[in-house]
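A quick write-up on the structure given underneath.
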Amino acid sequence: MLRAFVRGGFFPTTPDVVIDYASGESFIYNFGLAPQGIISGKVFDDFNGNGLLDPGEPIGIPDVQIYIDTNNNGIFDPTEPNTFSNINGDYAIVGLTTPGTYTIRQVPRDDLVKTTPDATVEVGVNQNFIFNIGNSRTQGAPPPAGGELTSIGGAVFEDRNSNQLVDPDEGGLAGFTVYLDVNENSILDEGEPSSVSDPEGRYSFVNLPVRRDDSGNLLPYVVRQVPQPGFTQTTPDAVITLVEGESANFVNIGNAPGAVAPSAEGAAGEAQTEASSLSAFDPITNPGVGVSDGEEFRTISSVSDEGLGSASIALEEPEADNLVEVFAFSEL
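Numbering (the numbering used here), first residue to last: 6 to 337.
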């Protein structure tokens, strides 16, 4: 019996052979080997819940079991090809020796809500099919499908450029309190649902009842955060109306470090206002303007704009033309 020793990543395409030959004879037999097919990708934290691996979502989720559902029963069976995502969220199922159609699924986990649908793909010999799998994190079990409960979740992130989007260099913010403002008074009141963002900035509300008024009309949930010193919220508060079984697990809240810089239009308006205030004290265009110094009234002879919101004024003696004093003012 003549057999080939096959190294990893390949599979034999020719059978083993039994050789029957006499002494002194030679026999040539060629073994065929073909590269195996591979299905690989990343299990990632889907911040915006769109099912796609976006530039701002580099965070992988480890220890998620991915399998090929060979009998297509929607359940992982022990004999089916499978693997677990590594610490970076990467996974690879190797050893696919038969070209064909494969269905890729994920074993459910209580702390994850899958945002990417299962994929059915065609994989041939020596093909590497890449399939990324998105998940939205929760802090508890998701509501049952078709039930009376809903869920709301997302991420609090550092919006450094204040564009209200999660960019590649912007991560989550931990320790921020997010709440559902039931009475809509913009204050976290006792009894209102609240959640503190985790180390990745994630927060969630699960098992929420559908809100309705006395007439049965749907009412929204208003998602707000408790202001944090040193940050300015860049995204508007979300107003979400959900029906039975629905979830909104992509409500992200942006925060910019420090105060938001004024726009160019706003800065120009402030400069114009400041200039208008100074011109009111111009003795040429507005004569007779003065100030009271104790019991004497002194006329303003000139106003000098010192820049940066500061100015100085010069006062004259009541019966003299010479300059006697200069006073400086700021924050005009």
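A virtual CB, placed ideally from N, CA and C, is assigned to each residue, including glycine.
Out of the options, point me to the one whose CA is closest to residue i's CA.
| i | options | result |
| --- | --- | --- |
| Gly180 | Thr155, Pro234, Arg216 and Arg217 | Pro234 |
| Val171 | Gly54, Gly46 and Ile44 | Gly54 |
| Ala97 | Gly46, Asp116, Thr103 and Asn137 | Gly46 |
| Phe49 | Asn93, Asn76, Glu85 and Asn87 | Asn93 |
| Asn260 | Asp242, Glu251 and Glu249 | Asp242 |
| Leu101 | Arg217, Gly79 and Val126 | Val126 |
| Gly56 | Asn212, Ile138 and Asn190 | Ile138 |
| Thr239 | Gly206, Pro104, Gln169 and Pro83 | Gln169 |
| Val99 | Ile192, Gly42 and Pro204 | Gly42 |
| Leu154 | Thr88, Ile258, Glu249 and Ala253 | Glu249 |
| Asp115 | Ala160, Asn77 and Val211 | Val211 |
| Arg110 | Ser220, Asn78 and Gln132 | Asn78 |
Could you compute how far the alpha carbon of residue i sits from the alpha carbon of residue j?
| i | j | result |
| --- | --- | --- |
| Val256 | Ser156 | 11 Å |
| Val128 | Ile44 | 8 Å |
| Gly176 | Ile64 | 9 Å |
| Phe162 | Pro113 | 26 Å |
| Pro262 | Phe236 | 5 Å |
| Pro86 | Ile66 | 20 Å |
| Asp123 | Thr106 | 13 Å |
| Glu336 | Arg207 | Annotation note: pLDDT 47 at Glu336 (below 50); position unreliable, no value reported. |
| Thr103 | Ile80 | 22 Å |
| Leu213 | Leu223 | 14 Å |
| Arg165 | Leu178 | 12 Å |
| Ala160 | Asn254 | 9 Å |
| Phe134 | Asn76 | 20 Å |
| Gln132 | Asp82 | 25 Å |
| Glu251 | Gly221 | 17 Å |
Mapping DSSP to helix, strand and coil, what is residue i?
| i | result |
| --- | --- |
| Val126 | strand |
| Gly299 | Per-residue confidence for Gly299 stands at a pLDDT of 45, beneath the threshold of 50, marking its modelled position as unreliable; no derived number is given. |
| Asn140 | strand |
| Gln235 | The question names Gln, yet the displayed sequence has Gly at residue 235. Correct three-state label for Gly235: coil. |
| Asn77 | coil |
| Arg216 | coil |
| Glu351 | Since the first residue shown for the chain is 6 and the last is 337, residue 351 is missing from the structure and cannot be characterised. |
| Leu313 | Per-residue confidence for Leu313 stands at a pLDDT of 48, beneath the threshold of 50, marking its modelled position as unreliable; the derived number appears in the next sentence. Coil. |
| Gly152 | In this prediction, Gly152 has a pLDDT of 47, which is less than 50 and means its spatial position is unreliable; what the coordinates show is noted afterwards. If DSSP states are grouped into helix, strand and coil, Gly152 belongs with coil. |
| Ala269 | Any reading at Ala269 must be qualified, since the residue scores a pLDDT of 42, below 50, and its modelled position is unreliable; the value itself is stated next. Three-state result, Ala269: helix. |
| Thr246 | coil |
| Gln111 | strand |
| Leu57 | coil |
| Gln169 | coil |
| Val201 | strand |
| Gln230 | strand |
| Thr88 | strand |
| Val48 | strand |
Verify whether the separation of the beta carbon atoms of residue i and residue j is less than 7 Å.
| i | j | result |
| --- | --- | --- |
| Asp186 | Val227 | yes |
| Ser209 | Gly158 | yes |
| Val183 | Gln230 | yes |
| Thr246 | Pro225 | yes |
| Thr108 | Asp74 | yes |
| Ser141 | Val118 | yes |
| Thr120 | Asp68 | no |
| Ile71 | Thr88 | yes |
Between residue i and chain E, is the shortest Cβ-Cβ distance under 7 Å, so that the two count as touching?
| i | result |
| --- | --- |
| Gly65 | The structure shown contains no chain E, having only a single protein chain. |
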